[in-house]
Every structure is written in C-alpha cells, then in structure tokens.
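J.:
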Amino acid sequence: MDIEAEVGQAGPKPRPKSPNIQIYRPQLTSVLSIGNRITGVALSLAAVALVVWLSSAAAGPQAYAACRGALGSLPGQIVLFAFTFAFYFHLCGGVRHLVWDTVHGFELRAIYLSGWAVVALSAVLTAATWIVSFQLGGRG
Amino acid sequence: MIVEHSDEPPRRTLLKRFPAPANFKVAPASRIAKGRTWPAPAGATRVKAFEVYRYDPETAGNPRVDRFEVDLDDCGPMVLDALFWIKNKVDPTLAFRRSCREGVCGSCSMNLDGVNWLACTRFIADMDDPATVYPLANLPIIKDLVPDTTHLSAQYEMIEPWLHSTTPEPQTERLQSPKARAQLDGYYECILCFSCTSGCPSHWWNGDRFLGPAVLLQAWRWLADSRDEAKEARLDTLEDPFRLYRCHTILNCTRTCPKGLNPGKAIAEIKKMMIERGG
Amino acid sequence: MSRGPMRSPLAEAMGLGSSKSGRAEWWAERVTAIALAPLTLWFVASIVATSRADYTSFVAWLATPLASGLMILLLVALFWHTALGLQVVIEDYVHSGFKFVALIAVRLGCFALAAVGVLATLRIAFGR
C-alpha cells in the first residue's frame, strides 16, 4: 500500500512496522518447525550426494573408491554424521506432521510431548546408527 | 518443558530471540532507536522496569524503546494496569487500545516478553525483569502500541464470515442438533485479537496473501456450521497455494491464543475437508 | 503488488483471487513422505550393512532385483518430495522475479538428478 510511490506526494511519514522475528520469543513450536525445514534442505543436498555416489558405483571401481575415500575422510564423516541426524530429525518430525494431518495431537500437551520426543528420538537413532555402523567395521 | 495451556507464561528459554541480527531485513523507517528512561517516583519500594515500544507519528524520528520504572505498590496486578499507571502518572502520551479489561474484547493484544497475549490477562509477576512491551508483531504502527489491523480485517471480510443459505428462510429458527452445534465449540469463541496471526512466521513472510490463523479459524467456523450452505464457494476461496497452504503447522498460533483456542487444529480440519472433497 | 493507488483494503486482500489449486501438491508431498519413510529406513540399514563390503560384493548386492528396484523407488519418491519441499521453501522466501527462475531450476534439477540416479542403478542392475 505505498500511496506515496503511486500518487507521488510526500504525505505523512510512512508507518513503521513492528518487529517480528527480531523480538518474537523462540518456542518449541517455531524452533522445531524451522528445524524440520533446515534438515529438509540439508537432505536435498544429501540426495545430490546419493546420486553422485550411485553414479560413481556405476562408473567403475576406481570412481567408486574415490567416492568412498571422500566419504571416509574426516570432513566426509562429519558431513555423513550431520546428514544422519538431519535424516532422523526430518523423519521423526515428518511423522509428527503426518499425525497432525489426520487432525490428531493438537492439544498443547501433545504438541510439546511429541516435540520433545522428536528431539530425543533423533539423537538416539543417530547415535544408534553410528554405533552399529562402527561395530560392523567402518562407515561409508 | 511441557506446556499444557496457552496461559502459561513463557518460561526462561535458552534464547530470548532468534539469532538473527537485530535489524535483520528491517526497513529504515522501522528501525528502533534508543529511547529515554522514566525513573520510579521517590519512595517507591517495589519497582519493576518496563521497556515499552514508542512511536510518535507527529514528530520526525523512528520508533524507540522507553524504560519506565513502575511502582508496583501503586498499580494493579495486570500488565494493562501498569500501562494505565504509566499513562496516568508518568507519560500521558502513551497510546494503547483497551476496553473490557477482562480478556473478552481483544483490544489490548500486544507482544509481552516476546509472545503475543492480552495485556489485561497477563500478571506483572509473570513478566521478566525488565518486562518488554511491544505492539503486535509485524503490523504497521499508528502510534506507540496501536497497530493498524486494516489488512487483517480485510482478509476476514474476504472469507464472508456470515451465514450463507439459498434455502428460503424458515418461519421459525434454523434447526441445528446439539451435536452439530458442538462442532462450533472452540471456534466461535474467537475474539479476533489477532495474537495468533501476528505471531505466525508464515504470515510475517507472506501476510499479503496468506490469510493467517485467525481468519482461517473463522473460515473453519463457517465450514463446520451445519446451517451454512456455501461450503463449495468457501473451499474454492481457500484452495490456493498462498491463502491456505502457506500454513506449515508451525503452531505458534495455538501456543499463543489468549482464549486457549486451537487455530492449528482448525486449519488441519480445513485441509482434511479439502482432501475429502477432492477424491 | 499494487494495481492502482488507493485500492480498497478488501481488494488488496483479494489480490488476483484464489487459484483453486494447491490441494494436489499438498497431497503429493504427504504421499511421497509416506513412501519415503520405509524406503529411506531400508536405505540407511542397507548402507550400514554393506559398509564393509568391497566394490564387487557391493555392486552384486545393488544389482539384485530387490535392491535395484527399491533404489529406483527411493530415487523417484525422494526427488519428487524434494522438488515439492524446495518449491514451498522458495515460494515462502523469494518474492522477486528470481522466484520463477529458482522454481524452474529446482524442478528440472530434481528431474535430472532422479534420471541420472535411476540410470546409474539400471546400469549396475544390468551389468554396467
């Protein structure tokens, strides 16, 4: 609604907008929601990595070894760990969303309980996956 | 850790605000400048500081935050009482909306300690020290704590919040069973304070087109009404990637509703009805 | 978006009217999510199980009808879900003309990546 720009007059000074994200308190609701979005975007990068990895396997043993080398390096392992957590967080958060889509679990108590469950379960599943992987002898 | 009712005040959280720069994406005219401090009267023993957003449309200058030291022994228990104390005893130019002072009219909705609520139903004792009082988030400000809700009211008008029927009016009342009437419980009680809409990040980024939780809750109120005969038109109006589907179930709305209503659930019901009619 | 000065608030709110679409994308995102839950868990379990395997045994495993079939289903569901999710993110945050460039790039990019992934899987399945 910028009347000044349209009509071209210097009318009363434009109204300021009250602050939003600059002052609004982070709560479990908004934090988990943006977490689901951030992990989702991270997983889209993981999807690209998946295609690169599959292509390297199709290309032959040398390409595959190079890909595995990159994944097995320290930065590669850190990235894989981050992708693992992002995956479980987005999966658990996604299940929470699917339950909401059936119009269940909307009472505040259920929202908060399920929210903390997503955080806890993601951490536990990430740790479990990596522990099992190391037991079986090396990741990537 | 577990919140059971929306009237639980915000607990001490890890972060008071998102880790975005203080003036992130803020237009120059909206940047908040330093304000002045109004000390407590001499002899006051129980004092609490209130940091209050101020804006004067009549003088040049940006909004600012003034610090008022309020004598709690001289003022009632609710934040609205503190605002009245400031206006009566310290700065009569402080502007804020108010009416019923009992949480039923929706006039005094504002942002208290980072969350939207009604000033008249928030105890001063539950506020931080210093307490922060800002207007409802993401709205053009007319003066001080008075936001311009014209656009929100226009979005409400757009969903035609009245009974539509083509069937001729009955001679007596329009019949509705108690079970059908119960479908409106939790939705008709909305006082249109817009705390929810103002706290919705999706409405912050796309409020020009996204209707927001308050309007969508009312849209559901009319969709759920057995006497209404315009479900098709209502659903057609809503079925839009922006009007309805900018809702990503963030649920700040349900957390912040001063009447304990559930806009998130109402929107989920609308989406469910969309799927039902689609196939 | 201003179509004239002093437009009424109601006209501003109405904008260009409802597009009467959006339900299908919302539903597709949910259906692909439901498909992805078991498929991704299978994938993670398989990765962990084959993490010690050498190239030949890994390729032999992936070439089996079950593994290659599930991998193809995973790629399709994954990139469909990714395209829908990124589309929503772009629509939320990008409001300039660049929005359409980004939307097209995401859609075409996801399609291309899915195609490359499926082709790689088929090459392995049918013996490179």
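Chains as they are written, first to last, in my numbering: chain A, 1 to 140; chain B, 1 to 279; chain C, 1 to 128. All C-beta atoms, glycine included, are put in the ideal place defined by N, C-alpha and C.
(1) Leaving out the 5 sequence neighbours to the left and right, which residues in its chain are closer than 6 angstroms to residue 63 of chain C when beta-carbon positions are compared?
(2) Can you grab the Cα-Cα spacing for the pair residue 113 of chain C / residue 94 of chain C, in whole Å?
(3) Given that a residue counts as buried once 16 or more other Cβ atoms are within 10 Å of its Cβ, and exposed if not, what is residue 225 of chain B?
(4) Report the neighbours of residue 30 of chain B on chain A: residues whose CB is nearer than 7 angstroms to its CB, in chain order.
(5) Considering only their Cβ atoms, is the gap separating residue 217 of chain B from residue 161 of chain B smaller than 8 angstroms?
(6) Taking Cβ positions only, does residue 121 of chain C come closer than 8 angstroms to chain A?
(7) Threshold first: 3 residues or longer. Then list the beta strand (DSSP E) segments lying entirely within the stretch 38–66 of chain A, N to C.
(8) Does the beta carbon of residue 3 of chain A come closer than 8 angstroms to any beta carbon on chain C?
(9) Quick check: what's the CA-CA separation for residue 271 of chain B versus residue 67 of chain B?
(10) Under 8 angstroms between beta-carbons, which chain A residues line up against residue 134 of chain B? List them in chain order, please.
(11) List, in chain order, every chain C residue whose beta-carbon is nearer than 7 angstroms to that of residue 154 of chain B.
(12) Between residue 111 of chain B and residue 48 of chain C, what straight-line distance do the alpha-carbon atoms span, to the nearest angstrom?
(13) To be precise: take each residue of the stretch 103–114 of chain A, compare its Cβ to all Cβ atoms of chain E, and keep it if any distance is under 7 angstroms. Which residues remain?
(14) Under 7 angstroms between beta-carbons, which chain A residues line up against residue 6 of chain B? List them in chain order, please.
(15) With a floor of 4 residues, list each alpha helix (DSSP H) that falls wholly inside the stretch 57–131 of chain A, ordered by position along the chain.
(16) DSSP on residue 6 of chain C, reduced to helix/strand/coil?
(17) DSSP puts residue 282 of chain B in a beta bridge; with which residues?
(18) Looking at the secondary structure, which residues open and close the beta strand (DSSP E) in which residue 78 of chain B lies?
(19) Run the CB neighbour count on residue 223 of chain B, radius 10 Å, all protein chains shown included, and call it buried at 16 or more, exposed below.
(20) Against residue 212 of chain B, what residues of chain C qualify as contacts under a CB-to-CB distance less than 9 angstroms, listed in chain order?
(21) Applying a beta-carbon distance threshold of less than 8 angstroms, which residues of chain B neighbour residue 90 of chain A?
(22) Alpha carbon to alpha carbon, how far is residue 84 of chain B from residue 258 of chain B?
(23) What's the call for residue 19 of chain C, buried or exposed, on a 16-neighbour Cβ count within 10 Å?
(24) Where does residue 6 of chain A fall in DSSP's three states?
(25) Between residue 46 of chain C and chain A, is the shortest Cβ-Cβ distance under 8 angstroms, so that the two count as touching?
(26) Counting contacts by CB-CB distance shorter than 8 angstroms, is residue 29 of chain A in contact with chain B?
(27) Comparing the C-beta of residue 19 of chain C with each C-beta of chain A, is any distance below 8 angstroms?
(28) What does residue 48 of chain B reach in chain C if we use C-beta pairs closer than 8 angstroms?
(29) Verify the CB distance criterion: does residue 104 of chain C have a CB-CB separation below 8 angstroms to chain B?
(30) Whole angstroms are fine: how far does the CA of residue 254 of chain B sit from the CA of residue 185 of chain B?
(31) Would you say residue 251 of chain B reaches chain A, if we count a Cβ-Cβ gap shorter than 8 angstroms as a contact?
(32) Relative to the C-alpha of residue 265 of chain B, which residue among B/72, B/10 and B/187 is closest?
(33) Using DSSP's beta-bridge definition, name the partner residues of residue 38 of chain B.
(34) Quick check on DSSP: helix, strand or coil for residue 1 of chain C?
(35) What do you reckon, are the CB atoms on residue 163 of chain B and residue 211 of chain B nearer than 8 angstroms?
(36) If you check the beta carbons only, do residue 109 of chain A and residue 2 of chain B fall under 8 angstroms apart?
T.: Reading it off the structure:
(1) Mapped onto the third sequence, residue 63 of chain C falls at position 63. These residues qualify, in order along the chain: 124 and 125.
(2) As a first step, residue 113 of chain C is located in the third sequence; it is residue number 113 there, counting from the start. As a first step, residue 94 of chain C is located in the third sequence; it is residue number 94 there, counting from the start. Near 23 angstroms, if we compare the C-alpha coordinates of residue 94 of chain C and residue 113 of chain C.
(3) Within the second sequence, numbered from 1, the residue matching residue 225 of chain B stands at position 225. Buried is the call here.
(4) Taking the first residue of the second sequence as 1, we reach residue 30 of chain B at position 30. Residues of chain A passing the Cβ test: 16 and 17.
(5) Residue mapping note: residue 161 of chain B aligns to position 161 of the second sequence, counting from 1. Residue mapping note: residue 217 of chain B aligns to position 217 of the second sequence, counting from 1. In this structure, residue 217 of chain B does not lie closer than 8 angstroms to residue 161 of chain B by Cβ.
(6) Numbered from 1 along the third sequence, position 121 holds the residue referred to as residue 121 of chain C. Closer than 8 angstroms to some Cβ of chain A, the Cβ of residue 121 of chain C qualifies, so yes.
(7) none
(8) Counted from its first residue, the first sequence places residue 3 of chain A at position 3. In this prediction, residue 3 of chain A has a pLDDT of 49, which is less than 50 and means its spatial position is unreliable; what the coordinates show is noted afterwards. So, interface residue.
(9) The count along the second sequence starts at 1 and reaches residue 271 of chain B at position 271. The count along the second sequence starts at 1 and reaches residue 67 of chain B at position 67. So the alpha carbons of these two residues sit roughly 45 angstroms apart.
(10) In the second sequence, counting from the first residue as 1, residue 134 of chain B sits at position 134. Neighbours of residue 134 of chain B on chain A, chain order: 18, 19 and 23.
(11) Within the second sequence, the letter at position 154 stands for residue 154 of chain B. Those are 9, 10, 12 and 13, listed as they occur along chain C.
(12) Position 111 of the second sequence holds residue 111 of chain B. Position 48 of the third sequence holds residue 48 of chain C. Whole-angstrom Cα-Cα distance: 49 angstroms.
(13) The chain labelled as chain E is not found among the protein chains of the depicted structure, namely A, B and C.
(14) Residue numbering aside, residue 6 of chain B sits at position 6 when the second sequence is read from its first letter. Per Cβ cutoff of 7 angstroms: 108.
(15) 61–72 and 74–101
(16) Indexing the third sequence from 1 puts residue 6 of chain C at position 6. Three-state DSSP puts residue 6 of chain C in coil, outside helix and strand.
(17) Absent from the structure is residue 282 of chain B, since the part of chain B shown begins at 1 and ends at 279.
(18) Residue mapping note: residue 78 of chain B aligns to position 78 of the second sequence, counting from 1. No beta strand (DSSP E) contains residue 78 of chain B, which DSSP labels as neither H nor E.
(19) Here residue 223 of chain B is taken as the residue at index 223 of the second sequence, counted from 1. That one is buried.
(20) Indexing the second sequence from 1 puts residue 212 of chain B at position 212. Going along chain C, no residue has its Cβ under 9 angstroms from residue 212 of chain B, so there is no contact; the nearest lies around 11 angstroms.
(21) The residue labelled residue 90 of chain A in the question sits at position 90 within the first sequence. What residue 90 of chain A touches in chain B: nothing, since even the nearest Cβ is about 13 angstroms away.
(22) Within the second sequence, residue 84 of chain B is the residue found at index 84, counting from 1. Within the second sequence, residue 258 of chain B is the residue found at index 258, counting from 1. If I take the Cα positions, the gap works out to 20 angstroms.
(23) The residue labelled residue 19 of chain C in the question sits at position 19 within the third sequence. Exposed, since its Cβ has fewer than 16 Cβ neighbours within 10 Å.
(24) Along the first sequence, one-based indexing puts residue 6 of chain A at 6. For residue 6 of chain A, the pLDDT reaches just 47, beneath the cut-off of 50, and the residue's location in the model is therefore unreliable, leaving the point undetermined.
(25) Within the third sequence, numbered from 1, the residue matching residue 46 of chain C stands at position 46. Chain A contact via Cβ: absent.
(26) Counting from 1 along the first sequence, the entry for residue 29 of chain A is found at position 29. Chain B contact via Cβ: present.
(27) If you number the third sequence from 1, residue 19 of chain C lands on position 19. No, its Cβ sits nowhere closer than 8 angstroms to a Cβ of chain A.
(28) For this step, residue 48 of chain B is matched to residue 48 along the second sequence. By Cβ distance, chain C contributes nothing, its closest Cβ being about 39 angstroms from residue 48 of chain B, past 8 angstroms.
(29) Numbered from its first residue, the third sequence carries residue 104 of chain C at position 104. Not closer than 8 angstroms to any Cβ of chain B, the Cβ of residue 104 of chain C fails to qualify, so no.
(30) As a first step, residue 185 of chain B is located in the second sequence; it is residue number 185 there, counting from the start. As a first step, residue 254 of chain B is located in the second sequence; it is residue number 254 there, counting from the start. Taking the straight line joining both Cα atoms gives about 15 angstroms.
(31) Locating residue 251 of chain B in the second sequence gives position 251, where the first residue counts as 1. So, interface residue.
(32) Translated into the one-based positions of the second sequence, residue 265 of chain B becomes position 265. That would be B/187, whose Cα lies nearest to the Cα of residue 265 of chain B.
(33) Here residue 38 of chain B refers to the residue found at position 38 when the second sequence is read from its first residue. B/68, per the DSSP bridge assignment.
(34) Sequence index remark: in the third sequence, residue 1 of chain C carries index 1 (1-based). Note that residue 1 of chain C scores 45 on pLDDT, short of 50, meaning its location in the model is unreliable; the coordinates nonetheless yield the value given after this. In this structure, residue 1 of chain C counts as coil in the three-state DSSP scheme.
(35) By 1-based counting over the second sequence, the position of residue 163 of chain B is 163. By 1-based counting over the second sequence, the position of residue 211 of chain B is 211. It is not a contact, given that the beta carbons lie outside the stated cut-off.
(36) To locate residue 109 of chain A, count along the first sequence from 1; it is residue 109. To locate residue 2 of chain B, count along the second sequence from 1; it is residue 2. Cβ distance < 8 angstroms, so residue 109 of chain A and residue 2 of chain B count as in contact.
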